[in-house]
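Residue numbers (the numbering used here): 5 to 131.
For every residue, glycine included, the Cβ atom is placed at its ideal position computed from N, Cα and C.
As the structure is a computational prediction, the values presented were derived from the model and not from experiment.
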Amino acid sequence: MKFGEKIHKLRKQYGFTQAELAEKLGVHHRTIIGYERDGRYPRDRNIYKKLADIFQVPVHYLYEDSSFIDEAASAYGESGKEEAKQLAMELSELFATGELSDEDMDNIMYVMHRAYFQYRESKRVKE
Numbered sequence: 005m006k007f008g009e010k011i012h013k014l015r016k017q018y019g020f021t022q023a024e025l026a027e028k029l030g031v032h033h034r035t036i037i038g039y040e041r042d043g044r045y046p047r048d049r050n051i052y053k054k055l056a057d058i059f060q061v062p063v064h065y066l067y068e069d070s071s072f073i074d075e076a077a078s079a080y081g082e083s084g085k086e087e088a089k090q091l092a093m094e095l096s097e098l099f100a101t102g103e104l105s106d107e108d109m110d111n112i113m114y115v116m117h118r119a120y121f122q123y124r125e126s127k128r129v130k131e
């Protein structure tokens with residue numbers, strides 16, 4: 005499940021409107037729409053902490069993009085899953101700095117996803 009899907013599900017579960025969640029976070033309601041519908045991620049890493057507190061979930065749950073992680077686990081087992089989790093967390097932290105444009109973030113994700121699976125495949129061939 006992707007970040008936006010998690011936020012949407014948790015928000016509905018807790019009975020918050022987008023505007024109510026935005027108020028709790030101190031952001032504009034369009035920001036919540038961006039997370040849920042447009043695949044955007046928080047630029048401020050403190051938002052992850054606030055969301056985790058509001059929804060009573062671990063911060064790492066919000067960082068993880070389980071579709072990527074599930075794909076890695078399916079292809080490469082438990083070690084692939086753990087590597088994918090670590091990569092997802094590190095990328096989320098990079099994105100949270102707010103120093104990258106949306107286009108740059110999209111490009112990084114695309115390249116990292118491809119590079120990761122190419123690396124794993126080359127490692128498998130060598131074994």
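Roughly how many angstroms lie between the CA atoms of residue i and residue j, to the nearest whole one?
i, j, result
"R44", "I36", "9 Å"
"E125", "L91", "17 Å"
"V115", "Q17", "34 Å"
"M113", "I11", "20 Å"
"P46", "E86", "23 Å"
"R118", "A76", "11 Å"
"H33", "G84", "37 Å"
"D106", "R15", "24 Å"
"H2", "E27", "No answer is possible for residue 2: it lies beyond the span of the chain, which begins at 5 and ends at 131."
"S78", "D110", "24 Å"
"D108", "P62", "27 Å"
"E9", "F72", "14 Å"
"D74", "L25", "29 Å"
Count the other CB atoms, across all protein chains shown, that sit within 10 Å of the CB of residue i; report buried if there are 16 or more and exposed otherwise.
i, result
"E40", "buried"
"K53", "exposed"
"S96", "buried"
"Q60", "exposed"
"K89", "buried"
"K67", "The residue asked about is misnamed: residue 67 is Tyr in this sequence, not Lys. The residue is buried, with at least 16 neighbouring Cβ atoms inside 10 Å."
"Q22", "buried"
"G80", "Position check: residue 80 holds Tyr in this sequence, whereas Gly was assumed. Label assigned to Y80: buried."
What residue range is occupied by the uninterrupted alpha helix (DSSP H) comprising residue i?
i, result
"Q17", "7 to 18"
"V63", "63 to 67"
"E103", "That residue, E103, is in no alpha helix (DSSP H); it is neither H nor E in DSSP."
"Y39", "33 to 42"
"Y52", "49 to 59"
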